[in-house]
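>
In C-alpha cells:
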C-alpha cells in the first residue's frame, strides 16, 4: 500500500501502565482489493512505539487493519479507538472466562466444541452480571451452595 501518500493520519500519545506509548494511524481509502476482501473500504496502518518508563527499553509494533467502514464512518482517530477497545473485550470477557472457567486449559478441541463452550461460558457470565454480580468467581461459588436451585432461579426456571 502507498502509505507515504496517506493524508489521513492520527497521532496519540499516552502514559500509563509503566510505559509511554505513541500511536500513529494512517488510513487509505481502497477499492477492489480482490475477491478476498470484496467489501473493503479502508485500510489502516497502526504503528505503536512503546518506551518502558523504568528500563528505557523501546519496542515498535505495526498492525494492519482492513475495514468496510468508509472514511466518513471512521476517521483514523475512530479507527484507533476501535482498535484500542479490543482490550475492553479482553478484560471484561476473555480474561474472566479463562481465570474463572480455565478456558485456556480446556481439552475440548474438536469441531464446534470450543465455540459452543465459549458461548455457554459467556452466557453464564452475562447472566450473573445481569443479576447484579460484579465478581463472577464469587457468584459461581454462591451458586454452588445450592446447585439444584440457585442456577435455575437465575434462569427464571422454578
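Numbering (the numbering used here), first residue to last: 100 to 257. Note that the Cβ used here is the ideal one computed from N, Cα and C, for glycine as well.
With H, G and I counted as helix, E and B as strand and the rest as coil, what does DSSP make of residue 253?
In this structure, residue 253 counts as helix in the three-state DSSP scheme.
> CB-CB under 6 Å to residue 157, same chain, minus the five flanking residues each way: which ones, in chain order?
Excluding positions up to five away in sequence, the list reads 150.
> From what residue to what residue does the beta strand (DSSP E) around residue 147 run?
Looking at the DSSP string, the run of the beta strand (DSSP E) that includes residue 147 is 141-151.
> Can we say the stretch 202-209 touches the stretch 161-171, given the rule of at least three CB pairs closer than 8 Å?
Touching, no, given that fewer than three Cβ pairs across the two stretches are closer than 8 Å.
> Closest by CA to residue 127, which one among 104, 246 and 137?
Residue 104 is the option with its Cα nearest to residue 127.
> Taking just the CA atoms, how far does residue 194 sit from residue 251?
Straight-line Cα distance between these residues: approximately 26 Å.
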